[in-house]
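Student: In the numbering used here, the protein residues as written are 1 to 132.
For each residue, glycine too, the CB sits at the ideal point set by N, CA and C.
Take this structure first; my questions come after.
What follows is the structure in structure tokens.
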């Protein structure tokens with residue numbers, strides 16, 4: 001029981017660092033969330049992608065990029081299933097961050113459906129994000 005309390009406190013401490021105004025503290029929190037609490041963090045961050053709080057969305061996009069290419073299929077599926085514009089734009093931004101840090105040649109076929117849909121999308125936000 002005590003281990004579970006300790007784990008929850010550790011995760012709560014990371015969430016406090018995630019919300020801290022200092023970007024260096026945020027960056028360390030992102031890395032530690034990925035290392036120590038990958039599943040719990042992923043759920044938390046993915047839920048934040050549709051937040052009305054722009055700062056929380058931006059931090060979540062950056063944090064999800066720490067998961068690397070392992071998150072691509074979840075982000076693609078989320079994009080394809082959602083009709084929420086904010087969430088779809090956030091998914092594209094995660095993919096843009098990932099493409100800047102990784103070679104996505106091996107994932108091109110996974111990403112192609114998103115590119116095709118996004119280019120044809122009537123939303124200016126989607127079109128501008130996918131151009132990145």
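Work out the CA separation of residue 89 and residue 83 for me, nearest whole Å.
Tutor: By 1-based counting over the chain shown, the position of residue 83 is 83. By 1-based counting over the chain shown, the position of residue 89 is 89. The alpha-carbon atoms of residue 83 and residue 89 are separated by roughly 11 angstroms.
Student: To test your reading of the DSSP string, which unbroken alpha helix (DSSP H) runs of 4 or more residues are found completely within the segment 91-120?
Tutor: Listed in chain order, they are 108-120.
Student: Could you work out which residue in 101, 103, 108, 62 is closest to residue 91 when comparing CA atoms only?
Tutor: As a working note, residue 91 is residue 91 in the chain shown. When only C-alpha atoms are compared, the closest one is 62.
Student: Are the CB atoms of residue 86 and residue 47 within a distance shorter than 9 angstroms?
Tutor: For the purposes of this step, residue 47 is taken as residue 47 along the chain shown, with counting starting at 1. For the purposes of this step, residue 86 is taken as residue 86 along the chain shown, with counting starting at 1. Taking 9 angstroms as the Cβ cut-off, residue 47 and residue 86 do not qualify as a contacting pair.
Student: From the DSSP output, in three-state form, read off residue 2 for me.
Tutor: As a first step, residue 2 is located in the chain shown; it is residue number 2 there, counting from the start. Here the model assigns residue 2 a pLDDT of 49, short of 50, so the residue's position is not dependable, and the following value carries that caveat. In this structure, residue 2 counts as helix in the three-state DSSP scheme.
Student: Give the single residue among 15, 121, 73 whose Cα lies nearest to the Cα of residue 32.
Tutor: By 1-based counting over the chain shown, the position of residue 32 is 32. With distances taken between Cα atoms, residue 32 lies closest to 15.
Student: Please specify which runs of the beta strand (DSSP E), each continuous and at least 3 residues long, are wholly inside the segment 27-94, giving them in chain order.
Tutor: Runs found: none.
Student: Determine the direct distance from the alpha carbon of residue 3 to that of residue 95, and round the result to whole angstroms.
Tutor: Here residue 95 is taken as the residue at index 95 of the chain shown, counted from 1. Here residue 3 is taken as the residue at index 3 of the chain shown, counted from 1. Their Cα atoms are separated by approximately 35 angstroms.
Student: Applying the criterion that 16 or more other CB atoms from any shown protein chain within 10 Å of the CB defines a buried residue, is residue 115 buried or exposed?
Tutor: Locating residue 115 in the chain shown gives position 115, where the first residue counts as 1. Residue 115 comes out exposed.
Student: In three-state terms, what does DSSP make of residue 23?
Tutor: Reading the chain shown from its first residue, position 23 is the one you call residue 23. Residue 23 falls in the helix class under three-state DSSP.
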